[in-house]
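132 is the number of the first residue of the sequence shown in my numbering; add one for each residue after it.
Heads up: the structure comes next, in structure tokens.
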Amino acid sequence: MAGRHASEIGAWDNGALYAAAQPSMANYLSNAGYDTVMSGKMHFIGPDQLHGFNRRLTTDIYSSDFNWVKQEWIDIKKNQGHDYDEVMSNRQAYNAKGYTGEGVHIGQWHNALSYDEETHFRSLEYLRARGNKPDPLCWSPPTTTRTRRLACPVAWRAKASTSTTIYTATIRNSSTSKPTRANGSIWPPTRRIAK
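This is the structure in structure tokens:
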């Protein structure tokens, strides 16, 4: 956002303050007359939840205070006897241990998927309302599940009928009904999983 290294501005990770006094690309683009809009997660910690954007179409999925990094995660980084890879790859299940019974499956469906649906909906709603206005636009719709593999768990696939096909979630270009990047290439690569 700032166009500078994290070490220069003290924003070391997603739980660190991005100071309101630090100009962002959105500040410069807003000042140049762009309609700067964001919809989705940004990890803005602290009171400034816009950082130069004119408006936000959704709230952030993560907390804006300094308490969202759990002490357990800090302890893991300090090698307190936990397997770092196991815990960090499935934090929801790890944090739920001791609080849930055998029949409760943590992390197989979560609010991040619902949040991304809302992000996509608000983004498309904004673009449709905007129409073909000639004004310059800076639009940021980051999602929280874009880096996760969205496939049905193996145990659930075994229960599905042979004709069931499961696709990863993605936003689709309404004119071609295919997921696309701005340059026309297919993105994200869609995984087709069938029994």
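C-beta: ideal position from N, C-alpha, C; glycine also.
Same chain, Cβ closer than 7 angstroms to residue i, five either side skipped, listed in chain order
| i | result |
| --- | --- |
| SER195 | PHE175, ILE176, GLY177, GLN180 |
| MET156 | MET132, GLY134 |
| THR250 | SER170, GLY171, THR189, PRO272, THR274 |
| LEU255 | none |
Residues sharing a beta bridge with residue i, DSSP
| i | result |
| --- | --- |
| ILE176 | LEU148 |
| THR274 | None; THR274 has no bridge partner. |
| LEU268 | ASP166 |
| ARG186 | VAL168 |
Residue environment, residue i, which counts as buried when at least 16 other CB atoms sit within 10 Å
| i | result |
| --- | --- |
| GLY183 | buried |
| GLY262 | exposed |
| SER245 | exposed |
| LYS172 | buried |
Same chain, Cβ closer than 6 angstroms to residue i, five either side skipped, listed in chain order
| i | result |
| --- | --- |
| ILE140 | ALA133, GLN153 |
| LEU148 | ILE176, GLY177 |
| ASN145 | HIS174 |
| GLU248 | none |
Proximity below 8 angstroms, CB of residue i to CB of residue j
| i | j | result |
| --- | --- | --- |
| LEU268 | TYR159 | no |
| SER170 | THR189 | yes |
| TRP143 | ALA151 | no |
8 angstroms Cβ shell around residue i - same chain, five flanking residues per side excluded
| i | result |
| --- | --- |
| ASP266 | GLY164, TYR165, ASP166 |
| VAL168 | PHE184, ASN185, ARG186, ARG187, LEU188, TYR257, LEU268, CYS269, TRP270, SER271 |
| ARG253 | SER170, LEU188, THR189 |
Element boundaries [alpha helix (DSSP H), containing residue i]
| i | result |
| --- | --- |
| MET156 | 156 to 162 |
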